[in-house]
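Report on the following structure.
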Amino acid sequence: MKDAELKEKMIKATKWSALTEIVAKLVIPVTNMILARLLTPEAFGIVAIVTMIISFTDMFADAGFQKYLVQHEFKSKEEKDQKAAVAFWTNLGISLFLWSVIALFCEPIATIVGNPGLGNVITIACIQLPLTSFSSIQIALYKRDFNYKTLFLVRIISIGLPFTVTIPLAILGFSHWALIIGSICGQLSNAIILTVNSNWKPTFFYRFTILKEMLSFCIWSLIEAISIWLTTWADSIIIASAFSSYYLGLYRTSTNMVNSLMGIITAATTSVLFSTLSRLQDDDREFNRTFLKIQRIVSIIIFPLGVGVFLYSDLAVQFFLGSQWKEATGIIGIWALAQIVRVVFCYYCSEVYRARGRPKLSFLVQVLYALVLIPTCIISSKYGFEPFIYARSATVIEFALVHLLVMNFAIGISTFKIIKNVYPAAASAIAMGLGGYYLQQVSEGAIWRGISIIICIILYFGLSLCFQNTRKGIVEWIKRTAH
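With positions in the sequence shown counted from 1, the corresponding number in the working numbering is that position plus 44.
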């Protein structure tokens with residue numbers, strides 16, 4: 045694929061991906077705002093436990109085939125179709141097997157995760173495993189071809205389901221079942237729509253020689269996924285054991301709110317970046333340049349967003365969650381700052397390792413992170429919920445440092461270049477944060493706080509435009525988007 049053609053496809057894919065995430069992040073917060081006022085933190089805590097189990101087993105069902113189909117360079121369409129078929133049937137077989145195991149041992153599993161009595165809930169919720177196996181291969185092929193327009197249509201239908209399923213059930217008093225049934229309906233709609241509309245259809249083809257060839261990549265991708273799952277859910281497992289489902293719901297809902305805000309940017313760019321870098325893996329110069337460009341553009345938005353949420357976390361809680369979630373204020377504020385570091389210095393590095401065909405690097409980073417994260421969470425949980433939140437958030441700094449070292453010595457993108465790349469956004473956001481803090485001391489009135497937010501936005505972009513690289517990046521992004 046020629047560079048010009050690849051760039052054009054990347055731009056179009058980014059537009060559709062961004063549009064998808066913008067719509068999703070406009071609709072999903074509205075849904076959550078309604079559900080947060082209908083359901084208790086305990087209900088969200090139960091669903092968090094179920095989601096944790098599903099996400100763990102889903103890794104084994106997928107076994108890294110999605111990433112393989114996106115990253116691998118096939119010699120012909122026939123080879124791609126054959127490997128997609130092998131991946132599909134392997135996916136489906138593993139997911140059905142795992143669902144059977146979960147159904148058989150549902151009560152012991154519920155006890156292990158700190159919520160005995162949830163066995164039936166877990167079994168029913170895990171019907172999503174075989175459903176996702178129907179769509180995961182099609183999704184990978186759509187991403188490989190930069191066909192994000194189709195994925196946009198599928199996602200729009202999926203995110204609209206809560207208004208017809210989840211919210212009505214919550215109003216009727218179905219509690220956590222409202223969220224679970226809504227999630228199942230979403231996966232079912234994805235499976236049907238993607239299977240019907242996909243140009244690729246599963247055929248009765250299977251060869252163990254092809255599976256063996258694919259597993260050489262997929263095994264490491266799976267191991268990497270397990271390590272990511274561990275670092276993603278270790279804190280939730282410890283909260284469920286040390287505290288209760290109430291605090292787990294409080295924690296997961298608060299952090300997910302921050303993640304969903306920043307996810308507008310990360311979700312719109314991550315998969316497109318991986319697909320693009322995978323096509324550029326043999327061109328070091330263009331590969332590095334593309335990574336740094338995406339990182340710089342993302343940092344321009346993420347830095348002020350994170351600092352702003354930290355400054356006005358109480359308003360964010362009141363607006364998104366409601367009065368019964370006041371305890372979430374401190375969690376949201378500190379997690380917003382942690383997510384700045386995580387998104388800018390960690391998120392996209394993992395895509396670089398996979399695009400280079402080196403998932404072992406991501407696994408190494410995750411292991412080194414887990415060695416700090418898990419002991420920190422266990423020890424801090426003994427001192428109370430609040431110390432746990434601050435200690436958990438601080439571990440992100442170690443995660444970023446490890447990524448920077450690996451990028452420097454294993455990938456060849458220097459730490460200095462990465463930091464210099466995002467310095468204008470970081471400096472402007474820090475100045476905005478200091479200005480916002482002093483503006484808040486003037487008055488606590490609602491009108492003044494609204495004015496102070498506007499002043500902070502103007503201050504940030506005014507300072508950002510003082511940097512030539514930022515001006516150039518913004519102008520370039522606007523031109524490409526308008527193209």
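Cβ coordinates follow ideal geometry from the N, Cα and C atoms, glycine included.
- Measuring C-alpha to C-alpha distances from Ile203 to each of Leu148, Leu223, Gln182 and Gly293 identifies Leu223 as the nearest.
- Using a Cβ-Cβ distance cut-off of 8 angstroms, the region 402-411 and the region 360-372 are not in contact, since fewer than three pairs of beta carbons, one from each stretch, lie closer than that value.
- In the structure shown, Arg493 adopts helical secondary structure according to DSSP, grouped into three states.
- Contact between Met451 and Leu365 fails: their C-beta atoms lie close to 36 angstroms from each other, not under 8 angstroms.
- Put simply, the backbone Cα of Val409 is about 28 angstroms away from that of Gly293.
- Within the region 104-161, the complete alpha helix (DSSP H) runs of at least 4 residues fall at 109-115, 121-148 and 150-156.
- In this structure Leu238 is in contact with Ile183, their Cβ atoms being roughly 7 angstroms apart against a cut-off of 8 angstroms.
- The alpha carbon of Ser424 has as its nearest neighbour, out of Leu412, Ala438 and Tyr413, the alpha carbon of Ala438.
- Within its own chain, the residues whose Cβ lies closer than 7 angstroms to the Cβ of Pro348, once the five positions on either side in sequence are excluded, are Ala473, Met476 and Tyr504, listed in chain order.
- In this structure, Gln126 lies away from Thr176, with their beta-carbon atoms at least 9 angstroms apart.
- The closest CA to that of Ser357, considering only Ile338, Trp379 and Arg340, is found on Trp379.
- By the C-beta criterion, the region 154-165 is judged to be in contact with the region 77-97, since at least 3 inter-stretch pairs fall below 8 angstroms.
- DSSP places Ser242 in the coil class of the three-state scheme, outside both helix and strand.
- With three or more CB-CB distances shorter than 8 angstroms, the region 411-419 counts as touching the region 277-291.
- The Cβ-Cβ distance between Arg493 and Ala444 does not fall below 9 angstroms.
- If you draw a straight line from the Cα of Phe178 to the Cα of Asn76, it is about 27 angstroms long.
- Boundaries of the alpha helix (DSSP H) around Ser394: Tyr392 to Ala399.
- Apart from the 5 residues on each side of it in sequence, Trp133 sits with its Cβ closer than 6 angstroms to the Cβ of Tyr250 in its chain, given in chain order.
- In this structure, the beta-carbon distance from Pro85 to Tyr397 does not fall below 9 angstroms.
- For Trp379, the enclosing alpha helix (DSSP H) begins and ends at Ala372 to Arg386.
- Listed in chain order, the non-local C-beta contacts of Ser242 below 6 angstroms within the same chain comprise Gln182, local neighbours out to five positions each way being set aside.
- The C-alpha of Phe252 lies about 26 angstroms from the C-alpha of Ser99.
- When Ile498, Ile236, Glu268 and Ser322 are compared, the shortest CA-CA separation from Val198 is found for Ile236.
- Within 10 angstroms of the beta-carbon of Ile138 lie 16 or more other beta-carbons, which makes it buried.
- Separation of the CB atoms of Ile283 and Tyr295 is rounded to 6 angstroms, and the pair is thereby assigned contact status at 8 angstroms.
- Using a Cβ distance threshold of 9 angstroms, Trp143 and Ile97 do not count as a contacting pair.
- When the five nearest sequence neighbours on each side are left out, the beta carbons in the same chain lying within less than 7 angstroms of the beta carbon of Pro174 are those of Leu136, Ser139, Leu140 and Trp143, in order along the chain.
- In the three-state DSSP reduction, Arg188 falls in the helix class (H, G or I).
- Linking Cys393 to Gln484 through their CA atoms gives a straight-line distance of about 36 angstroms.
- Nearest Cα to Ile501 within the set Ala469, Gly374, Asp326 and Ile338: Ala469.
- Lys256 sits in a helix when the DSSP states are folded into three classes.
- Leu478 has its alpha-carbon roughly 14 angstroms from the corresponding atom of Val353.
- Put simply, the backbone Cα of Val209 is about 16 angstroms away from that of Arg81.
- With distances taken between CA atoms, Lys461 lies nearest to Gln339 out of Thr101, Gln339 and Ala269.
- Minimum Cα-Cα distance from Ile344 among the listed residues Ile168, Ile78, Ser508 and Val74 corresponds to Ser508.
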